[in-house]
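Residue numbers (our numbering): 70 to 466.
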């Protein structure tokens, strides 16, 4: 019996980056322009699908939560959102301090000027106007989600759930398979124009900083949780390591739920609280993903010498924490859901968004692992708020 070889998204993206760089070194300009034309059309399609993605995922997530609305749900969602927001702002301030010395002023512009390569432009463009802008999509998603949560009828809810399946299918069957080609074209063009060397050198160091921030974030989350539960934060964090390493392998919060739930109970959190908090947070708690997106976005803005500020990123992170709720259950779902905000709030181009996708997917496992491990900290806090004592000896056992 033959075993089917599974070639995941991360290996495909890495191969696409390497192949794009290699092809760019030997490619004639006409071939680079062919891929630039594909990237132009694919970028337009991404711009079209992003508002629909927001409506298709955020609205059902809101009314599904609303069906079982209760005090514990509201408290859990609020804690998850605050942790997500705090992680994004922590990422901003650490990155703002650490990255300038690694990137340097006008690094991207200097590299582009030094490259001396030809401009790679598409042969033609196909404009695909989105049905609505990102903010309109967010408002519509909230109106639909909040109202449907209060209505007794199921017809429109069923339509929205099927629409979510349509968006999921579009992402899984069209966007994800074509992403490596898109990223190949981006790195091929960057190589032809002489930009890729400086970019890769810069972001190799940045990835190390982002991983260190993930570790620091988990320590802070468990230190805060220890104030509620009385558990030793380092022993509790060590207890959650099976969930962390499972998420590294699966790249999925949902697939890791059984392990996360088991380890959360092993911390001493009662089964009822853990059974409620862990599955919910697998959908709504995105601290690790937000940290990565903010750090990568700020790094790209620095390389382009784009203006930025703490207030700009505070608004971006506040919206991001909502937009990536219930992100598609595919690798890189959070970054796909954030593309609209990157363009509308930070001024990213299609090429910038492609680099964000490549950087995010390269670290996708670590962000997911950070998300699910943090769920154990949230469960401790929720259990204590609702008077359900955490067994302080469990983490040491």
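Every residue gets a Cβ at the ideal spot worked out from N, C-alpha and C, and that includes glycine. Bear in mind that the values here come from a model prediction, so they are computed numbers and not experimental data.
Please confirm if residue 122 has its CB atom under 9 Å from at least one CB of chain B.
-> In summary, chain B is missing from the structure at hand, where a single protein chain is found.
First through last residue of the alpha helix (DSSP H) which encompasses residue 418 | In the chain shown, the residue the question calls residue 418 occupies position 349. Here residue 418 belongs to no alpha helix (DSSP H), and DSSP marks it neither H nor E.
Do the CB positions of residue 248 and residue 120 come within less than 9 Å of each other?
-> Residue numbering aside, residue 248 sits at position 179 when the chain shown is read from its first letter. Residue numbering aside, residue 120 sits at position 51 when the chain shown is read from its first letter. Not closer than 9 Å, so no.
Quick one: grab the DSSP three-state call for residue 444.
-> On the chain shown, residue 444 is found 375 positions in, with the first residue counted as 1. Looking at residue 444 - three-state DSSP - the assignment turns out to be helix.
At a cut of 8 Å, does the stretch 303-310 reach the stretch 407-419 through at least three beta carbon pairs?
-> no
Grab the span of the alpha helix (DSSP H) containing residue 336 for me, first residue to last.
-> Counting from one through the chain shown, the residue named residue 336 turns up at place 267. Neither: residue 336 is in no alpha helix (DSSP H) and is coded neither H nor E.
Select from 141, 155, 237 and 259 the residue whose C-alpha is nearest the C-alpha of residue 92.
-> As a first step, residue 92 is located in the chain shown; it is residue number 23 there, counting from the start. Among 141, 155, 237 and 259, the Cα nearest to that of residue 92 is on 259.
Within 10 angstroms of the Cβ of residue 433, are there 16 or more other Cβ atoms? Answer buried if so, exposed if not.
-> Residue numbering aside, residue 433 sits at position 364 when the chain shown is read from its first letter. Residue 433 is buried by the Cβ-count criterion.
From residue 106 to residue 261, what distance separates their C-alpha atoms?
-> As a working mapping, residue 106 is identified with position 37 in the chain shown. As a working mapping, residue 261 is identified with position 192 in the chain shown. About 15 Å.
From which residue to which residue does the alpha helix (DSSP H) around residue 361 run?
-> For the purposes of this step, residue 361 is taken as the residue at position 292 of the chain shown. Note, residue 361: alpha helix (DSSP H), 356-372.
Three or more C-beta pairs closer than 8 Å, one from the stretch 344-359 and one from the stretch 279-296: is that the case here?
-> yes
Own chain partners of residue 454 with C-beta closer than 8 Å, once the 5 adjacent residues on each side are dropped = Numbered from 1 along the chain shown, position 385 holds the residue referred to as residue 454. Correct list, in chain order: 144 and 297.
Reduced DSSP secondary structure (H/G/I, E/B, other) of residue 313 | Position 244 of the chain shown, counted from the start, is the residue given in the question as residue 313. The answer is helix: DSSP assigns residue 313 an H, G or I state.
Hey, quick one: how far does the alpha helix (DSSP H) through residue 162 stretch, first residue to last?
-> The residue labelled residue 162 in the question sits at position 93 within the chain shown. That run of the alpha helix (DSSP H) goes 140-172.
Please classify residue 166: is it buried, with 16 or more other beta-carbons within 10 angstroms of its beta-carbon, or exposed?
-> Within the chain shown, numbered from 1, the residue matching residue 166 stands at position 97. Residue 166 is exposed by the Cβ-count criterion.
Can you tell me which of the three DSSP states residue 327 falls into?
-> Within the chain shown, the letter at position 258 stands for residue 327. Residue 327 falls in the helix class under three-state DSSP.
Close beta carbons around residue 116, own chain, < 6 Å, minus the five adjacent residues each side = Your numbering for residue 116 matches position 47 in the chain shown. Correct list, in chain order: 199.
Length of the line joining the Cα atoms of residue 304 and residue 427 | Indexing the chain shown from 1 puts residue 304 at position 235. Indexing the chain shown from 1 puts residue 427 at position 358. Approximately 34 Å between the Cα atoms of the pair.
Does DSSP put residue 192 in a helix, in a strand, or in coil?
-> Counted from its first residue, the chain shown places residue 192 at position 123. Reduced to three states, the DSSP call for residue 192 is coil.
So which of 158, 149 and 228 has the shortest CA-CA distance to residue 132?
-> Position 63 of the chain shown, counting from 1, holds the residue named residue 132. Among 158, 149 and 228, the Cα nearest to that of residue 132 belongs to 228.
To which residues of the same chain is residue 175 closer than 8 Å at the C-beta, ignoring the five residues directly before and after it?
-> Here residue 175 refers to the residue found at position 106 of the chain shown. Caution is warranted here: a pLDDT of 47 is assigned to residue 175, below 50, making its placement in the model unreliable, and no coordinate value can be reported.
Considering only C-alpha positions, which residue in the set 219, 370, 191 and 442 is nearest to residue 325?
-> In the chain shown, counting from the first residue as 1, residue 325 sits at position 256. Among 219, 370, 191 and 442, the Cα nearest to that of residue 325 belongs to 442.
Assigned secondary structure, residue 433 (DSSP; H/G/I helix, E/B strand, else coil) | As a position in the chain shown, residue 433 is number 364, starting the count at 1. Note: residue 433 maps to helix in three-state DSSP.
Just reading off the alpha helix (DSSP H) that residue 239 is part of, what are its end residues?
-> As a first step, residue 239 must be located in the chain shown, where it is residue number 170. Here the alpha helix (DSSP H) through residue 239 covers 224-239.
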